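Student:
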Amino acid sequence: MNSNLNSDADYLWDKTGEPDPEIQQLEEILGTLRYQPRPLEIPAGLHVDRQRSFFRSHAAPLAIAATVAMLLLGLGLWLGLQRLQRSPQQIVKSPDTPQVRPVSPDENQNAATAASSHQPEQKRIEESPRHRVNPSLLVRNSKRDRNTAVKDQQLTARQQQEALAARDQLMLALRLTSAKLSLAQRKAQSTNPPDLIHNQHKIG
Amino acid sequence: MYELGATANVLVMTGQGKASIDRRLEVAPAGATAGVALASTDSPESTESFIVRSVLAGDRDMFGRLYELYAPLVHGVLLARMPRSEVEDVVQDIFLHALRKLHTLRDANAFGPWIAMIARNRAMDFHRRSRETVEVTDDLKSNDSSGAKAEEILAIIRTLPDAYRETLVLRLVEGMTGPEIAGRTGLTPASVRVNLHRGMKLLRTKLGFKEGLS
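Chains A and B, in that order, give the protein sequences. The first sequence begins at 2 in my numbering and counts up one residue at a time. The second sequence begins at -2 in my numbering and counts up one residue at a time.
Here it is in structure tokens:
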């Protein structure tokens, strides 16, 4: 077997070289099972797709591109909505906050002066280019305005207490004055002689 | 060079690889319907690509050329795995399936490996189905003694590992050479050579050549 390895290899590989009798014998026997040509019967109604469609042949890249496009679109929409939601809050809420709470006339005056002092500043913030460009600054400004409004509320409460105390003191002072006046009036009436004319009549 | 006439239509149809086709095609003899004849000495890579494109372009008759080229391959692949009585019909089914699905073939040069893989899958399906229903009986015994002997040797070949039995059947039954097997199955020549030699060694051992086949 090993002696005719080269000739065996050649013949087994490409039928060249010295033929191996054993392989030839096998070829002869097994050759009876060889494929016998037979015409291919193609049914008349057989449907054949001629070309791969563009979408089928590029399915994977198209799917990736569509996914990326959808993600970008979604991100754009989300950012747009976020900006829209942030802007009206900024414009509407900030100036109204100090005017919502009912206040006393004194406080009202203070609040009005505070609001009037804040309004130009608010307008300046809204109209400045920095405000328009960077929304995060808007948020910071709105926080500052809210703090100012809260501070205003705290100040007016203290003032309200002081005003109440002052009113009480004033009322007490008025009551004291009224009592002293009535007492003085009563003393003055008591010091006059009740029959002075009568005495004059007497003298006269 | 080719002559204008039958081949001119073919070249216009494809519009590509003219030089390659020029080398691989020769002018068909008078009365030939296909318009081209394959050069017998050349490997079929570019030829099969050209035929596949022609079939996809609507020339269904060209599929007959693919059938002529690859029916022995499919027959051999099936014979290494299935009972002989079933093989003939399955070969036809596989080619009809291939014709229907030809548009899914990505590389027109890879028709051989593609249809060989279809055949292997079909053989697996056959065994799966037959295991579910009835145990497959042995091949029908041939009347003559040589046929019986052939069936006997084939049964022994089927006991070998997949790679060996397919290569051996293509070589010993279908009469293909090693380079032809490599070209049509898509395997490398080195792999085919190794499979042939190892398979042959195993077969010799199993057959017991020292006792003689007869």
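Ideal placement from N, C-alpha and C gives every residue a C-beta, glycine not left out. On a predicted model such as this, the values are computed, not experimentally measured, just so you know.
1. Taking the alpha carbon of arginine 35 of chain A as the point to measure from, which residue in B:Arg168, B:Asn192 and B:Phe123 has its own alpha carbon closest?
2. Would you check if the segment 41 to 58 of chain B and the segment 154 to 167 of chain B touch, i.e. whether three or more CB-CB distances between them fall below 8 Å?
3. In chain B, which residues lie less than 9 Å from histidine 19 of chain A when you measure between Cβ atoms?
4. Does glutamate 85 of chain B come within less than 8 Å of chain A when only Cβ atoms are used?
5. Of the residues B:Thr202, B:Lys203, B:Leu204 and B:Gly196, which one's Cα is nearest the Cα of tryptophan 14 of chain A?
6. Closer than 7 Å between beta carbons: that is the criterion. Which residues of the segment 58 to 72 of chain B meet it against chain A?
7. Jot down the residue ranges of each uninterrupted alpha helix (DSSP H) in the segment 85 to 136 of chain B, minimum 4 residues, whole runs only, in chain order.
8. Residues of chain A with CB under 9 Å from proline 176 of chain B, in chain order?
9. Contact between the segment 76 to 83 of chain B and the segment 172 to 180 of chain B is defined here as three or more beta-carbon pairs at a separation below 8 Å; is this criterion met?
10. On the criterion of 16 or more Cβ atoms from any shown chain inside 10 Å, does glutamine 100 of chain A qualify as buried, or is it exposed?
11. Of all Cβ atoms in chain A, is any one closer than 8 Å to the Cβ of phenylalanine 92 of chain B?
12. Taking 8 Å as the threshold (C-beta atoms), are threonine 182 of chain B and alanine 113 of chain B in contact?
13. Leaving out five residues before and five after valine 170 of chain B in sequence, what residues of the same chain have Cβ atoms less than 7 Å from its Cβ?
14. Under three-state DSSP, which class holds glycine 175 of chain B?
15. With glutamine 25 of chain A as the anchor, note down where its alpha helix (DSSP H) starts and where it stops.
16. Taking its Cβ as the centre, do 16 or more other Cβ atoms sit within 10 Å of leucine 96 of chain B, making it buried, or is it exposed?
17. Just reading off the alpha helix (DSSP H) that methionine 79 of chain B is part of, what are its end residues?
18. By the 7 Å beta-carbon criterion, what residues does the segment 148 to 164 of chain B contribute toward chain A?
19. Find the residues of chain A that neighbour methionine 197 of chain B, judging by a C-beta separation of less than 7 Å, and give them in chain order.
20. Under the three-state reduction of DSSP, which class applies to glutamate 163 of chain B: helix, strand or coil?
21. State buried or exposed for methionine 172 of chain A, treating a residue as buried only when at least 16 other CB atoms are found within 10 Å of its CB.
22. Note the first and the last residue of the continuous alpha helix (DSSP H) segment covering methionine 197 of chain B.
23. Between isoleucine 153 of chain B and leucine 204 of chain B, is the Cβ-Cβ spacing less than 8 Å?
24. If you measure from the beta carbon of leucine 169 of chain B to each beta carbon in chain A, is any gap under 8 Å?
25. Distance check for alanine 70 of chain A and valine 49 of chain A, CA to CA, integer angstroms please.
26. Considering only their Cβ atoms, is the gap separating leucine 47 of chain A from leucine 93 of chain B smaller than 8 Å?
27. When DSSP labels each residue in this structure, what does leucine 74 of chain A get in the three-state scheme?
28. Output needed in chain order: residues of the segment 26 to 40 of chain A with a Cβ under 9 Å from some Cβ in chain B.
29. Is it right to say isoleucine 30 of chain A is buried, meaning 16 or more other beta carbons lie within 10 angstroms of its own, or is it exposed?
30. Does any residue of chain B have a CB that is nearer than 8 Å to the CB of leucine 47 of chain A?
31. DSSP on lysine 146 of chain B, reduced to helix/strand/coil?
32. Would valine 84 of chain B and arginine 119 of chain B qualify as a contact pair, given that the criterion is a beta-carbon distance under 8 Å?
33. Are the beta-carbon atoms belonging to leucine 99 of chain B and leucine 53 of chain B less than 8 Å from one another?
34. Exposed or buried, what is valine 33 of chain B when buried is set at 16 or more other beta-carbons lying within 10 Å of its beta-carbon?
Tutor: Checking against the coordinates, here is how it stands:
1. In the first sequence, the residue the question calls residue 35 of chain A occupies position 34. Out of B:Arg168, B:Asn192 and B:Phe123, B:Arg168 has the C-alpha closest to the C-alpha of arginine 35 of chain A.
2. no
3. The sequence position of residue 19 of chain A within the first sequence is 18, counting from 1. A small fix is needed here, since residue 19 of chain A is glutamate in this sequence, not histidine. The premise fails here: glutamate 19 of chain A is roughly 16 Å from chain B at the closest Cβ pair, so nothing lies under 9 Å.
4. Taking the second sequence and counting its residues from 1, the one referred to as residue 85 of chain B is at position 88. Yes, its Cβ sits closer than 8 Å to a Cβ of chain A.
5. Within the first sequence, numbered from 1, the residue matching residue 14 of chain A stands at position 13. It is B:Gly196.
6. Gly61, Tyr64, Ala68, Pro69 and His72
7. As far as the segment 85 to 136 of chain B is concerned, its whole alpha helix (DSSP H) runs of at least 4 residues are 108 to 129.
8. As a position in the second sequence, residue 176 of chain B is number 179, starting the count at 1. Per Cβ cutoff of 9 Å: Trp14 and Asp15.
9. no
10. One-based indexing of the first sequence puts residue 100 of chain A at position 99. Only weak support is given to the placement of glutamine 100 of chain A: the predicted model assigns it a pLDDT of 48, under 50, and the question is left unresolved by the model.
11. As a working note, residue 92 of chain B is residue 95 in the second sequence. Answer yes: the Cβ-Cβ gap between phenylalanine 92 of chain B and chain A drops below 8 Å somewhere.
12. Residue 113 of chain B sits at position 116 when you count from the first residue of the second sequence. Residue 182 of chain B sits at position 185 when you count from the first residue of the second sequence. Yes. Within cutoff.
13. If you number the second sequence from 1, residue 170 of chain B lands on position 173. Closer than 7 Å at Cβ, skipping near neighbours: Gly73 and Leu76.
14. Position 178 of the second sequence, counted from the first residue, corresponds to residue 175 of chain B. DSSP places glycine 175 of chain B in helix when its eight states are reduced to three.
15. If you number the first sequence from 1, residue 25 of chain A lands on position 24. Start and end: 22 to 31.
16. Locating residue 96 of chain B in the second sequence gives position 99, counting from the first residue. It is buried - the Cβ of leucine 96 of chain B has at least 16 other Cβ atoms within 10 Å.
17. Along the second sequence, one-based indexing puts residue 79 of chain B at 82. Neither: methionine 79 of chain B is in no alpha helix (DSSP H) and is coded neither H nor E.
18. Ile150 and Leu151
19. Within the second sequence, numbered from 1, the residue matching residue 197 of chain B stands at position 200. Among the residues of chain A, those whose CB is under 7 Å from the CB of methionine 197 of chain B are Leu13, following chain order.
20. Position 166 of the second sequence, counted from the start, is the residue given in the question as residue 163 of chain B. In the three-state reduction of the DSSP assignment, glutamate 163 of chain B falls in the helix class, which pools H, G and I.
21. By 1-based counting over the first sequence, the position of residue 172 of chain A is 171. It counts as exposed.
22. The sequence position of residue 197 of chain B within the second sequence is 200, counting from 1. Here the alpha helix (DSSP H) through methionine 197 of chain B covers 186 to 204.
23. Here residue 153 of chain B corresponds to residue number 156 of the second sequence, with the count starting at 1. Here residue 204 of chain B corresponds to residue number 207 of the second sequence, with the count starting at 1. Closer than 8 Å, so yes.
24. To locate residue 169 of chain B, count along the second sequence from 1; it is residue 172. Yes, leucine 169 of chain B counts as interfacial toward chain A.
25. The sequence position of residue 49 of chain A within the first sequence is 48, counting from 1. The sequence position of residue 70 of chain A within the first sequence is 69, counting from 1. Computed Cα separation, rounded: 34 Å.
26. The residue labelled residue 93 of chain B in the question sits at position 96 within the second sequence. The residue labelled residue 47 of chain A in the question sits at position 46 within the first sequence. Taking 8 Å as the Cβ cut-off, leucine 93 of chain B and leucine 47 of chain A qualify as a contacting pair.
27. Numbered from its first residue, the first sequence carries residue 74 of chain A at position 73. Three-state result, leucine 74 of chain A: helix.
28. Near chain B, meaning a CB-to-CB distance below 9 Å, the residues of the segment 26 to 40 of chain A are Gln26, Leu27, Glu28, Glu29, Ile30, Leu31, Gly32, Thr33, Leu34, Arg35, Tyr36, Gln37, Pro38, Arg39 and Pro40.
29. As a first step, residue 30 of chain A is located in the first sequence; it is residue number 29 there, counting from the start. Counting other Cβ atoms within 10 Å of its Cβ, isoleucine 30 of chain A reaches 16 or more and is therefore classed as buried.
30. What you label residue 47 of chain A is simply residue 46 of the first sequence in a count that begins at 1. With 8 Å as the cut-off, leucine 47 of chain A counts as an interface residue toward chain B.
31. What you label residue 146 of chain B is simply residue 149 of the second sequence in a count that begins at 1. Of the three classes helix, strand and coil, the one that applies to lysine 146 of chain B here is helix, per DSSP.
32. Along the second sequence, one-based indexing puts residue 84 of chain B at 87. Along the second sequence, one-based indexing puts residue 119 of chain B at 122. No, the pair does not count as a contact, with Cβ atoms beyond the cut-off.
33. Numbered from 1 along the second sequence, position 102 holds the residue referred to as residue 99 of chain B. Numbered from 1 along the second sequence, position 56 holds the residue referred to as residue 53 of chain B. In this structure, leucine 53 of chain B lies closer than 8 Å to leucine 99 of chain B by Cβ.
34. Against the second sequence, residue 33 of chain B aligns to sequence position 36. Residue confidence is low: valine 33 of chain B scores 36 on pLDDT, short of 50, so the model does not pin down where it sits. Its coordinate-derived value is still stated next. Result: buried.
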